[in-house]
Each structure stands twice: as structure tokens, then as C-alpha cells.
Amino acid sequence: MSVAKKQYKRITVKSLIEMKANSEKISMLTSYDFTMAQIVDHAGIDVILVGDSASNVMAGHETTLPITLDQMIYHASGVIRAVKRALVVVDLPFGSYQSDPKEALRSSIRIMKESGAHAVKLEGGSEIKDSIKRILKAGVPVMGHLGLTPQSIYKFGTYTVRAKEEYEAKKLKEDALMLERIGCFAIVLEKVPAKLAEEVAKSVQVPVIGIGAGAGVDGQVLVLHDMLGMNKEFSPKFLRRYADLESVMTKAIQHYNEDVKAQKFPNEEEQY
Ligand code: KIV
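Position 50 (the sequence shown) corresponds to 50 in UniProt numbering; numbering is contiguous.
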């Protein structure tokens, strides 16, 4: 017999921890603007991440490094205006928290105050422990991010699977326990072996949300434009495309173009 799931009118950091305790999987997608966030929220997704992947998806940069704090706040403000149910988490962009805990706090406060976001996400473990503690002390909820951390791409040189070596897996497990201990409400695990991800998820009470981390974690996150099939050039193994919007949109735009050229648009009913 299936047990009815609790209906949440508004998702909070507490709801997510409760969902894990009740073995309910958490759904998370990115959004970077009002229109898409409204669709994602209406569809019932639990967490919307205003990811620094906006640097790739919205601005066409090769990495996430160039996006600025002001640009993240701009994207997050549009998302917040659209959302009625989901928890909105915003990435602290590269260069806005690495110097010291005071800078990390200042950047987090700007995000919370100027966009109205509900929480922030930072990439890294023990290296940024003091910054995370400082942000949490100010009452700002923090989501951690371990495994593949795209802001450190030039340190590693590739986007391959992380923590395959024993010493890396050990550090990742220690970092996850530390993030929970200091008060993070959830942890994103990106591109790590499924067995390790499941082990990490079982070792903490807070939800572990995976991307390329297998099915044994507490929730899944994907980049919205990737799962909608708007970018055919990006095809990692972990990505499932739920639509082929690139083809749908291209056909619609070509049709409109043909109609304009052939003077089929607008027709009698479409004018004043
Ligand atoms: O920026 C982003 O989209 C992310 C996800 C890949 C988790 O951090």
C-alpha cells in the first residue's frame, strides 16, 4: 500500500530535511529568469537553483567563472518574483566568497537582501569551512556543493568524474560530515561514483542532491535547458532529455519566418 505524501504549500529548508526522513525524493532544477521559473514552480519542482551555470546557459561563456555577483542577483530577482512554492537557492559566484569569511558573508547578504532568495550555495569543503560558518551565523541557510566543483575547473583541467581515488573519496566523505556538522541544510554532489554518493547520503541526515551521482541519493538536480533538450552539444552520460525543445522551437521560428515572408502573418483576425 502506498503512503500519501505530505503536501507542501511552501518548501523550506526544514521541509527538505523532513522529506529525506520520510524517504521522499527531492526534485531540483535550475532557472535563471521569471518565465522559466514560473513554469518550473507550477510543475511542482521542490527546489529552484539559480546556478552560476547561468554563465554558460544564459551568457554563452565556456566556464562558470566570469559571472558576477550583480548578474547573479539580477537572475535571482526574476526567479524570486515568479516562485510561489519552491525553495530558491542562489549560487555564490566565483570570486565572491573565496577571499575570507567577511567577503563571503557580505556577498550572501547582498544576494538575500537584493534578490529575496531563500538560501545560498557554495562550492567546496574544508577550504571554505570558516566562510560557511560565518554565513550560517548570520542566519542565512547554506547548501554545500562537493565532488565536481566547476568553479575550480582550471585547478583540475577536466570535467571528468571526481573522487575515484581512495584519498579523494575519503576527503569527500569527511567534507560531507563537516558540512552537516556546521549546519548546512543540504549538499549537492556532482559527478561522483554512484556507490560513493549513496554512502555519503546514508552517512548524513541532511539531503544529498545528486547530479551525475546515481540513484542512491536523496534527490536529483539537472540544468533546466539541458533536460529540456535546448542544447544538443552537451551530452554527458548522466543527462536525460525529457523534451527536444531545440527542434520544437526551431520549427516554430522557421514557420513564423516563412509566414512573414509569404505575407501569411498577420491574417484578418490578427489585426485591429
Ligand atoms: O550552477 C549549477 O547549475 C549547479 C548545478 C549543476 C548543481 O551548480
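We treat Cβ as the ideally placed atom computed from N, Cα and C, and that holds for glycine.
Below 8 Å on the Cβ atoms is my guess for residue i versus residue j; work out the distance and round it to an integer in Å.
i	j	result
lysine 84	aspartate 41	6 Å
isoleucine 187	lysine 129	Rounded, the Cβ-Cβ distance is 14 Å, inconsistent with contact.
serine 55	isoleucine 67	4 Å
leucine 177	valine 217	15 Å between Cβ atoms; not a contact.
alanine 86	phenylalanine 34	That belief does not hold up - the Cβ atoms of alanine 86 and phenylalanine 34 are roughly 13 Å apart, past 8 Å.
Taking residue i as part of the alpha helix (DSSP H), name the residues at either end of that continuous run.
i	result
lysine 20	13–21
glycine 44	Taken as a continuous stretch (DSSP letters only), glycine 44 belongs to no alpha helix (DSSP H), as it is neither H nor E.
serine 107	101–115
leucine 172	166–182
Can you give me the C-alpha to C-alpha distance between residue i and residue j, rounded to a whole angstrom?
i	j	result
methionine 28	leucine 122	16 Å
alanine 262	glutamine 254	12 Å
isoleucine 132	valine 142	7 Å
valine 206	aspartate 100	26 Å
residue 287	leucine 222	Residue coverage of the chain in this structure runs from 1 to 272, which leaves residue 287 outside it and unanswerable.
leucine 105	lysine 251	46 Å
tyrosine 97	serine 107	7 Å
valine 161	asparagine 257	43 Å
aspartate 91	leucine 69	9 Å
isoleucine 26	tyrosine 8	12 Å
valine 140	isoleucine 80	16 Å
Check each candidate in the options and name the one with the smallest Cα separation from residue i.
i	options	result
valine 248	Gly139, Arg240, Lys232 and Gln205	Lys232
methionine 19	Ala213, Leu224, Arg241 and Phe185	Phe185
isoleucine 11	Ile48, Gly229 and Lys133	Ile48
lysine 170	Thr158, Ala197 and Gln151	Ala197
arginine 110	Glu127, Tyr74, Met227 and Thr64	Tyr74
glutamine 220	Asp175, Thr64, Arg240 and Val204	Arg240
leucine 136	Val260, Glu270, Val13 and Pro266	Val13
alanine 215	Leu245, His61, Met36 and Phe238	Phe238
For residue i, is the classification buried or exposed, using 16 other Cβ atoms within 10 angstroms of its Cβ as the cut-off for buried?
i	result
asparagine 22	exposed
phenylalanine 94	buried
lysine 113	exposed
tyrosine 272	exposed
alanine 76	buried
tyrosine 154	exposed
valine 57	buried
lysine 191	buried
Where do the N-terminal and C-terminal ends of the beta strand (DSSP E) with residue i fall, by residue?
i	result
isoleucine 211	208–211
aspartate 130	That residue, aspartate 130, is in no beta strand (DSSP E); its alpha helix (DSSP H) goes 129–137.
threonine 250	Unbroken run through threonine 250 is the alpha helix (DSSP H), 245–261; no beta strand (DSSP E).
valine 90	87–91
glycine 147	142–147
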